[in-house]
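Asker: Once you've had a glance at the structure underneath, I'll fire off some questions.
2 protein chains.
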Amino acid sequence: MKSLGVIVEYNPFHNGHKFHLEQSKITTGADVVIAVMSGQFLQRGEPALVSKWTRTKMALLNGIDIVVELPYAFATQKAEIFASGSISILSSLHCDTVCFGSEQGNIHDFERTLAIMDSKKEEYDLRVQSYSQEGYSFPKASSMAFTEITKNDRVLDLTQPNNILGYHYVKSIGEQNSPMKAFTIERTSAGYHDPDFNTTTIASATSIRRALFNHGGQIENVQQYVPEGTYQSLAHYQRQAGGFHRWEDYFPFLKYRILCSTPSELAEIYEVEEGLEHRLQQTMKESHSFDEFMTRLKTKRYTWTRLQRMCTHLLTNTKKEMMQRITSTKKSEYIRLLGMSKKGQSYLKQVKKDTDIPLLSKVTAMESNMLNMDIRATCTYAMKFPEPARSEWMGLEYSKPPIRYNEETNTFI
Amino acid sequence: MKSLGVIVEYNPFHNGHKFHLEQSKITTGADVVIAVMSGQFLQRGEPALVSKWTRTKMALLNGIDIVVELPYAFATQKAEIFASGSISILSSLHCDTVCFGSEQGNIHDFERTLAIMDSKKEEYDLRVQSYSQEGYSFPKASSMAFTEITKNDRVLDLTQPNNILGYHYVKSIGEQNSPMKAFTIERTSAGYHDPDFNTTTIASATSIRRALFNHGGQIENVQQYVPEGTYQSLAHYQRQAGGFHRWEDYFPFLKYRILCSTPSELAEIYEVEEGLEHRLQQTMKESHSFDEFMTRLKTKRYTWTRLQRMCTHLLTNTKKEMMQRITSTKKSEYIRLLGMSKKGQSYLKQVKKDTDIPLLSKVTAMESNMLNMDIRATCTYAMKFPEPARSEWMGLEYSKPPIRYNEETNTFI
């Protein structure tokens, strides 16, 4: 079977994802598609709208054959680390190809850019460092440095978020000596940051999430932008869980964490740098909501996303020392299976003897600090609920087997 | 002015306290009474029913002239450390006398017992150690050892909670070379642990708290057992704060703390001993309420109170290393003033040049780890409230000046 990997958050799975998936299958001629999907917390430092289990169902209902979890240690990171973990998992699962959406839409541009950057690495690093020292955020400094050193030979617009991710996917494939072949498909519709709906069936995940919250959870407003399976899953989740997850749900716990820690304890948390611990405490004292807190905290030096990621690490109690140690290899220690179709199951049967890291159906099958972070992320994510739902949700992290989907009968087993 | 010190929690101030206070004034012939009162968390490891500010008002309305806070570092501890901090503060305020309630009711019995214990210290310590190793709780082991070594000369029933406290007050006075003279008054009514009302006007604080919670906060049920000032304060607090504080209010934060920490982080918390960190996590996973959690956690080795204190330290993030360091001197580093009558103000004017530790009207007046614990205790205590009340309550810890009471006009200034 020819296998294709995709790297996703599906927050939630929408028509744009569906389109990308179909195009990717055609482009790569794949028989089986593996999604490496972020768990409960996402790259922009936010809790996922709905749990990883519900998002797994959405994926299986819409043509994904295997869903595996991108560990927290990679999922909540800047593009470079996010990409290295994702690529390592797809490689370990022997994917033949990986296909990502990008603003650029042409894989050769990524490869050529990589070659240029390889040859000018030192110059690039110096410029990034210099702009950072001037107070620019890391993404801004990187983008400015890149623009300058490629100004006579410009091939890739690295101010675009999906181009940045794609660049790091291609780079990781090289660094990891993976035989995986990369493809890209041009993103056709709304830019990632577009806040409003602007086509009739495709809308960005951002605008879908906004519509879900702005209209008090009236999911009818997003029905036209998501496949039926997503719509039903969202409706079911809303009934069961009493709403979708958002940062404001976790604000009391973030406040508790920040104000009931000493500054030196806060400084041990990943991404709390340069005396931010004092600013965190001072700002939190006066803030009544997450949005207010973030607005007060924001400075030129740090992007909103960077600060949100830091807040996620504060919330999940993720320390520098641990995070740096477990991500230093740039590879995942395991492949955690969240769900599979019948075809996916056949594929896994075929490759599982041959994976270089363990394929886990349960978290209890392995003792690992990387895996403990995923467990802690689920404990944190479940804090939104009242008891007994909270305990039950935490328990699922240990007890729930991978979701099995029969694509022939269109039913979960 | 002849000054009397009392060591109190006033949770809440009731008719039994009033009786003890009046008897104490008569017995000691005092002109001015100073209460050293626990703050937001109490010796049995519980949040106070109402805030320290409201309890200060209750005290001032009922004949106390000065209320100072017993720091968290002493207030949430076993009798020995609790007593040392309390006595050190009353000594620093130049109290002439201290008067405590006891089951025994005769101060000579305490003094004689102390003399016996002094002469048999080694034997006593060995027996306590031996019983502890057999798995008895510390209070039980202490009580058994004491009974044995005083069996031919028995003078004080140290199975009684107020006798234990009194014993340590008298012991601390000696150890600290304080010129303060100790008095005791026999507790007339309900034993501390009596759960039900058994006289018409005097009831234990435990039974009053139980009545407040069991009847869904119908404070009319306790009216006959508390002075009018307490009754009005409770009614006001209930309206303003939406109810009284109890452990269940903090259970989500305790659960978050326990499940989102690593076992080794939990082991750093004060009173988390002997591998309890694993038991804490395992027990918490299955518990839907604080009461359920405690019931599952309880073993022969630890008393309920000991475990509740540990939970309080988990909740307030109080570490072993810090706690042991700051209580090693057995003396408070400051006297924090919570409230005073006009007479109290005159007294303070007279002694304040002469105190060996700073008298603080505001927490911002000093930088101290001991004081930081009090601030963190208030931050934790305020987590019960929704925003913006939560932030406002935390802010009071910094901004609120001592309460001033005019006893002539019976009004707060």
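Residue numbers (UniProt numbering), protein chains in the order written: chain A, 1 to 413; chain B, 1 to 413.
Glycine included, each C-beta is placed from N, C-alpha and C at the ideal position.
1. Taking the straight line between their C-alpha atoms, what separation do you get for B/Lys171 and B/Arg325?
2. Can you find the residues in the same chain that come closer than 6 Å, C-beta to C-beta, to B/Val67, ignoring five residues on each side of it along the sequence?
3. Given a cut-off of 8 Å on the beta-carbon distance, is the pair A/Ala75 and A/Gly39 in contact?
4. Given a cut-off of 8 Å, decide if B/Ala377 and B/Met394 are closer than it, judged by their beta-carbon atoms.
5. Between A/Met310 and A/Val363, how many whole angstroms is the CB-CB distance? I'm expecting something under 8 Å.
6. Can you tell me whether B/Tyr192 is helix, strand or coil according to DSSP?
7. I need the straight-line Cα distance from B/Pro179 to B/Pro401, nearest angstrom please.
8. Where do the ends of the alpha helix (DSSP H) carrying B/Asn369 lie?
9. By the three-class DSSP mapping on this structure, what secondary structure does A/Phe213 have?
10. Measuring alpha carbon to alpha carbon, tell me which residue in A/Lys330, A/Thr150, A/Phe251, A/Gln129 is nearest A/Ala79.
11. Does DSSP classify A/Glu134 as helix, strand or coil?
12. Assuming A/Glu333 and A/Met370 form a contact by the criterion Cβ under 8 Å, report the distance between their Cβ atoms to the nearest whole angstrom.
13. Using a beta-carbon distance below 8 Å, is B/Tyr270 in contact with chain A?
14. Looking at chain B, is there any beta carbon in it that lies within less than 8 Å of the beta carbon of A/Cys260?
15. Quick check on B/Thr97: does DSSP put it in helix, strand or coil?
16. Considering only C-alpha positions, which residue in the set B/Thr54, B/Ser3, B/Ser289 is nearest to B/Tyr256?
17. Of all the options A/Arg336, A/Gln223, A/Leu90, A/Ala389, which has the alpha carbon lying nearest to the alpha carbon of A/Asn177?
18. Starting from A/Glu186 and walking both ways along the beta strand (DSSP E), at which residues does that stretch end?
19. Decide yes or no for the touch test of the segment 157 to 168 of chain B against the segment 95 to 106 of chain B: beta carbon pairs closer than 8 Å, at least 3 of them.
20. What beta strand (DSSP E) runs, 3 residues minimum, are completely inside the segment 17 to 99 of chain A?
21. Between B/Val155 and B/Phe110, what straight-line distance do the alpha-carbon atoms span, to the nearest angstrom?
22. Applying a beta-carbon distance threshold of less than 9 Å, which residues of chain B neighbour A/His288?
23. If you check the beta carbons only, do A/Phe185 and A/Thr327 fall under 8 Å apart?
24. Can you give me the start and stop residues for the alpha helix (DSSP H) that A/Arg112 sits inside?
25. Identify whether B/Arg127 lies in helix, strand or coil by the three-state DSSP scheme.
26. Using a C-beta cutoff of 8 Å, does B/Cys99 count as contacting chain A?
27. How about A/Asn62 and A/Ile202: do their beta carbons lie closer than 8 Å?
28. Quick one: Cα of B/Gly344 to Cα of B/Tyr405, how far?
29. What is the rounded straight-line gap between the Cα of B/Leu396 and the Cα of B/Thr97?
30. By alpha-carbon positions, which one of A/Ala241, A/Arg112, A/Ser399, A/Thr318 ends up nearest to A/Thr54?
31. Would you mind telling me which residues of chain A sit closer than 7 Å to B/Thr305, beta carbon to beta carbon, in chain order?
32. Given B/Ile413, which residues of its chain have a CB within under 6 Å of its CB, disregarding the five upstream and five downstream residues?
33. Could you give the DSSP three-state label for B/Tyr270: helix, strand or coil?
34. Is any beta-carbon of chain B found at less than 8 Å from that of A/Lys400?
35. Can you list, in chain order, the residues of its chain whose CB lies under 7 Å from that of A/Tyr192, leaving out five sequence neighbours each side?
36. Under DSSP, the beta strand (DSSP E) around residue 499 of chain B begins and ends at which residues?
Answerer: Reading it off the structure:
1. C-alpha separation (whole angstroms): 22 Å.
2. Within the same chain, B/Val67 has close Cβ partners Ala35, Met37, Thr56, Ala59, Leu338, Gly339.
3. Result yes, Cβ atoms of A/Ala75 and A/Gly39 sit closer than 8 Å.
4. Their beta carbons are not under 8 Å apart, which means B/Met394 does not touch B/Ala377 by this criterion.
5. Taking C-beta atoms under 8 Å as the contact rule, A/Met310 and A/Val363 fail to qualify, at a distance of about 26 Å.
6. A caution first: B/Tyr192 carries a pLDDT of 47, below 50, which makes its placement in the model unreliable, though a value can still be read off. Three-state DSSP puts B/Tyr192 in coil, outside helix and strand.
7. One C-alpha to the other measures close to 31 Å.
8. 369 to 382 is the extent of the alpha helix (DSSP H) around B/Asn369.
9. Of the three classes helix, strand and coil, the one that applies to A/Phe213 here is helix, per DSSP.
10. The residue among A/Lys330, A/Thr150, A/Phe251, A/Gln129 with its C-alpha nearest the C-alpha of A/Ala79 is A/Lys330.
11. Looking at A/Glu134 - three-state DSSP - the assignment turns out to be coil, as it is neither helix nor strand.
12. Between A/Glu333 and A/Met370 the beta-carbon gap is near 5 Å, inside 8 Å, which marks them as a contact.
13. By this cut-off, B/Tyr270 is not an interface position.
14. Residue-level contact check: A/Cys260 touches chain B, since one or more beta carbons of chain B fall below 8 Å from its beta carbon.
15. B/Thr97: strand per DSSP, three-state reduction.
16. Of the candidates B/Thr54, B/Ser3, B/Ser289, the one whose C-alpha sits nearest the C-alpha of B/Tyr256 is B/Ser289.
17. Residue A/Leu90 is the option with its Cα nearest to A/Asn177.
18. Annotation for A/Glu186: the continuous beta strand (DSSP E) segment containing it runs 181 to 186.
19. Short answer: they touch.
20. For the segment 17 to 99 of chain A, whole beta strand (DSSP E) runs of length 3 or above, ordered along the chain, are 32 to 38, 66 to 70.
21. If you draw a straight line from the Cα of B/Val155 to the Cα of B/Phe110, it comes to about 8 Å.
22. Contact note: A/His288 reaches chain B through Glu387, Pro388, Arg390, Ser391, using a C-beta cutoff of 9 Å and chain order.
23. A quick correction: the sequence has Ile, not Phe, at residue 185 of chain A. Cβ atoms of A/Ile185 and A/Thr327: not closer than 8 Å.
24. Annotation: the continuous alpha helix (DSSP H) that includes A/Arg112 extends over 107 to 119.
25. B/Arg127 falls in the helix class under three-state DSSP.
26. Chain A contact via Cβ: absent.
27. For A/Asn62 and A/Ile202, no; Cβs fall outside 8 Å.
28. Roughly 9 Å between the two C-alpha positions.
29. Rounded to whole angstroms, B/Leu396 to B/Thr97 spans 32 Å at the Cα level.
30. Ranked by how close their Cα comes to the Cα of A/Thr54, the residues A/Ala241, A/Arg112, A/Ser399, A/Thr318 have A/Ala241 in first place.
31. Within 7 Å Cβ-Cβ: nothing; B/Thr305 doesn't reach chain A, min ~22 Å.
32. Sequence-distant partners of B/Ile413 (beyond 5 residues in either direction) whose C-beta falls short of 6 Å from its own C-beta, in its chain, are Arg404, Asn406.
33. Coil, per DSSP.
34. It does not: the Cβ of A/Lys400 has no partner Cβ on chain B nearer than 8 Å.
35. Annotation note: pLDDT 48 at A/Tyr192 (below 50); position unreliable, no value reported.
36. With chain B covering only 1 through 413, there is no way to say anything about residue 499 of chain B.
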